[in-house]
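Q:
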Amino acid sequence: MQTGLEGRIVLITGGAQGIGRSTALGFAREGARLCIIDIDAHALKETESELRALGTNVTTAQADLSTADGVKSGIDAALKPHNGQVDILVNNVGAGKVRTFEELSDEEWDFTMSLNFMSYVRTCRYLLPVLRARENSVIINNASDLARQPEPVPIDYSASKAAVLALTKGLARAEAPRIRVNAVAPGPVWTPFWTKDGGFADTMGKFHGMAPKDAVEHELSLRQLPLKRLGQPDEVANVIVFMASDLASFVTSAVWGVDGGSIRSLI
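Position 113 of the sequence shown, counted from 1, bears residue number 170 in the numbering used here, the numbering being contiguous throughout.
1) Expressed to the nearest angstrom, what Euclidean distance is found between the alpha-carbon atoms of residue 159 and residue 256?
2) Return the residue from the list 320, 105, 313 and 214 that minimises the CA-CA distance to residue 328.
3) Is any non-hydrogen atom of the ligand ZN found closer than 8 Å to the C-beta of residue 200, if you look at the structure I gave you?
4) In this structure, does DSSP put residue 295 in helix, strand or coil?
5) Could you pull out every residue in the same chain whose Cβ sits closer than 7 Å to the Cβ of residue 284, ignoring the five residues on either side in sequence?
6) Please go through the same chain and pick out, in chain order, the residues whose beta-carbon is closer than 6 Å to the beta-carbon of residue 173, but skip the five residues on each side of it.
7) How many whole angstroms separate the CB atoms of residue 103 and residue 115, which I take to be in contact at a CB cut-off of 8 Å?
8) Closer than 6 Å by C-beta to residue 127: which residues in its own chain qualify, once you throw out the five before and the five after it? Chain order, please.
9) Kindly indicate if chain D contains any beta-carbon less than 9 Å away from that of residue 315.
10) Residues in the same chain with beta-carbon distance under 6 Å from residue 97, minus the five sequence neighbours each way, listed in chain order, please.
11) Under 8 Å: do the region 232-245 and the region 195-203 share three or more Cβ pairs, one atom per stretch?
12) Please report the straight-line C-alpha distance between residue 202 and residue 101, rounded to a whole angstrom.
13) To the nearest angstrom, how far is it from the Cα of residue 180 to the Cα of residue 265?
14) Nearest to residue 190 by CA position, among 93, 59 and 235, is which residue?
15) Does the separation of the CB atoms of residue 117 and residue 93 fall below 9 Å?
16) Going by Cα to Cα distance, which pick from 90, 81, 95 and 83 is closest to residue 71?
17) Alpha helix (DSSP H) containing residue 136: first to last residue?
18) Hey, which unbroken runs of the alpha helix (DSSP H) at 4 residues or more fall wholly within the region 199-275?
19) Quick one: what's got a C-beta closer than 6 Å to residue 155's C-beta in the same chain, skipping five residues either side?
20) Going along the chain, which residues of its own chain have a beta-carbon closer than 7 Å to the beta-carbon of residue 292, five neighbours each way excluded?
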């Protein structure tokens with residue numbers, strides 16, 4: 058099948074690791090040109106090397122996307138070789154820790170919302186004039202199954218991702234028919250988001266009083282995932298690439314669950 062992605066300019070935030078990295082590789086295999094922003098300089102270099110080995114046209118920029126200045130400087134640097142032009146925006150950056158509602162300070166709420174939600178708002182706002190002028194432009198937002206089915210923890214993460222879904226639905230209506238806007242809502246996916254020090258697995262272990270791996274298995278049992286396993290980054294990336302392609306040309310305002318069956322509701 059023809060995806061229509063060859064030569065398209067794709068910007069991915071948080072694109073150096075996990076789902077973002079797999080998504081970049083997926084677009085690269087379809088012949089797209091990649092622009093990646095991430096805060097981790099080492100991971101950026103590694104991902105850039107992988108993409109160049111595939112013969113991909115790629116540019117990278119290091120930036121802290123939790124700030125307005127970081128969003129602007131990161132986008133400007135990443136898109137400079139393309140004179141600021143972009144066809145597809147994938148908002149993927151995000152972070153989360155397992156903490157109870159009582160443990161969360163105002164500062165921690167502010168950081169979660171700034172990175173997981175306001176970075177999406179700022180990238181969209183900054184790039185909308187460009188995307189409106191392009192043909193078949195697309196925005197894909199990475200949300201979470203926790204946006205639609207929150208758990209007691211992490212409540213700040215769930216709230217930030219629910220806001221991403223509201224942003225997706227609102228923009229899809231506001232920018233149609235020129236720009237298609239959709240979201241993916243992954244379930245638990247085994248990436249550095251989970252495995253890094255201080256990440257989901259580590260903080261979940263502290264919350265449950267277990268070793269990180271045991272805590273993850275316990276959490277999966279609580280969620281009763283029908284597929285009984287964590288997902289892999291490629292499994293989410295495949296859906297993102299499809300939704301950005303011409304194969305999904307009649308899809309907008311959609312939230313595509315890639316969650317192992319975690320969502321039980323009909324809507």
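Quick reminder that beta carbons are idealized off the backbone N, C-alpha and C, glycines included. In this text, all values refer to a predicted model and were calculated from it rather than measured experimentally.
A: Working from what's here:
1) Cα-Cα distance, rounded: 19 Å.
2) Summary: the structure shown does not reach residue 328, with the chain confined to residues 58 through 324, and so no result is reported for it.
3) Among the components modelled here there is no ligand, and therefore nothing to report on the ligand ZN.
4) helix
5) 317 and 318
6) 151 and 217
7) 12 Å between Cβ atoms; not a contact.
8) 120 and 121
9) Here chain D cannot be found, since the structure has a single protein chain.
10) 73
11) yes
12) 27 Å
13) 36 Å
14) 235
15) yes
16) 95
17) 125-136
18) 212-232, 249-252 and 257-265
19) 210, 211, 260, 261 and 264
20) For residue 292, where only same-chain residues beyond five positions count, the Cβ hits under 7 Å are 315.
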